[in-house]
Amino acid sequence: MKIRQILNNNVALVERGKIDVIVVSKGISFRKKVGDTLELDEVEKVFVPDSNDVLENYSYLLSHAQQGTLDATLKVIEYAEKNIEEKVNDYLYLTLLDHIDFALKRAMKDQFIISPLAWEVRKFYPKHYEIGKCALEIITNETGVEFPESEAVAIALHFINLQESQVDIKDAIKVMETVSDILTIIRIHFQMQFDEGSMNYNRLVTHLQYFAQRITLGEIYNSEDTELNKQVRIMYPKAYICVNKIRVYLLNRFQKELTQDEETYLMLHIHRVTQRNESEE
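Heads up, the sequence shown is in the UniProt record's numbering, so the first residue is 1 and it goes up one at a time.
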């Protein structure tokens, strides 16, 4: 494999046959230069993007990741694969890396979130929840940042998503319609088109899918975190106005009131997906 571009100390863009791939190799910037050959046994991980857009997303995310964040991600994946006895795809590596990076940024602001799915994950996916808890220990060991146990749920969801869910077709249609309607509300409110290849968009859609499933099944999550909710409302007023429109939609369609925790989660996701400047995060 020939090195085309060194993205940071540990990540490079290389030619493998007729395609470009991204490789993780510790200290590559100190050992190699552009044009040098890289052997497979020198590489920790190879990412094979399936389009130029995906290649750009992967390159940006990997080149901007701190070494501790990247090491934590690789170790969490390794641990998870052994426990669920299933290989994960490249996209999960990147979404988990992005998640951990964002969680570390939130931790610096003392923003910790209780997932609306905490009860469901602990009850129905205990193995995945244990993976999430172990992941928090790994992240702390690699970065020195400690997280409350509640953060384990969001990590567990990355691996739960590997499993195909069995959903009644009528409920599945209702969920898809609800997700589509909420996305339309967000798009019209902000007068924007979504970048459907972005991490933020896919993270928002994943959250909305789980959210819509619970709404259609009549389930309510009601563990209010008033202080964090107030803080996020102040920080992201545009997202808060948008969420109030979603609140009206849910009330009209399902006769369900949006809880504070769901409101907080939606505001965070909407803020991220509508920010065009990465430095604003």
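We treat Cβ as the ideally placed atom computed from N, Cα and C, and that holds for glycine.
- In this structure, the straight-line span from the alpha carbon of Lys256 to that of Thr274 is close to 26 Å.
- Taking the CA atoms as reference points, Ala239 sits about 32 Å from Val76.
- Taking the Cα positions, Leu250 is about 23 Å away from Gln231.
- Counted as a single uninterrupted DSSP element, the alpha helix (DSSP H) harbouring Ala107 occupies residues Asp90 to Met108.
- Taking a cut-off of 8 Å on C-beta distances, the segment 84 to 101 touches the segment 64 to 72, as three or more cross pairs fall below it.
- Taking a contact to require three or more Cβ pairs closer than 8 Å, the segment 190 to 206 and the segment 256 to 265 do not qualify as touching.
- Contact check for Thr143 and Ala212: beta-carbon distance about 33 Å, past the 8 Å limit, so the pair fails to qualify.
- Counting every other CB atom within 10 Å of its CB across the protein chains shown gives Val34 a total below 16, marking it as exposed.
- A straight-line Cα-Cα distance of about 25 Å links Tyr58 and Glu85.
- If you look at Asp20, you'll find it in the beta strand (DSSP E) that goes Ile19 to Val24.
- By the criterion of a C-beta distance shorter than 6 Å, Ser115 is surrounded in its chain by Val153 and Ala154, once the five residues flanking it on both sides are discounted.
- According to DSSP, residue pairing for Leu13 in a beta bridge involves Gln5 and Ile22.
- Every unbroken stretch of the beta strand (DSSP E) spanning 3 or more residues and falling wholly within the segment 42 to 72 is given here in chain order: 45 to 47.
- Along the UniProt domain "PRD" (170 to 280), the alpha helix (DSSP H) occurs as fully enclosed runs of 4 or more residues at 199 to 216, 226 to 235, 237 to 254 and 260 to 274, listed in sequence order.
- Partner residues in the beta bridge of Thr37, as assigned by DSSP, are Lys2.
- Of the residues Asp195, Ile270, Leu266 and Asn252, the one whose Cα lies closest to the Cα of Asp53 is Asp195.
- DSSP places Phe112 outside both helix and strand once states are collapsed to three, so it counts as coil.
- In this structure, the beta-carbon distance from Asp20 to Arg4 falls below 8 Å.
- Gln209 has its alpha-carbon roughly 15 Å from the corresponding atom of Glu263.
- The three-state secondary structure of Gly27, taken from DSSP, is coil.
- For Asn161, there is no enclosing alpha helix (DSSP H), as DSSP marks it with neither H nor E.
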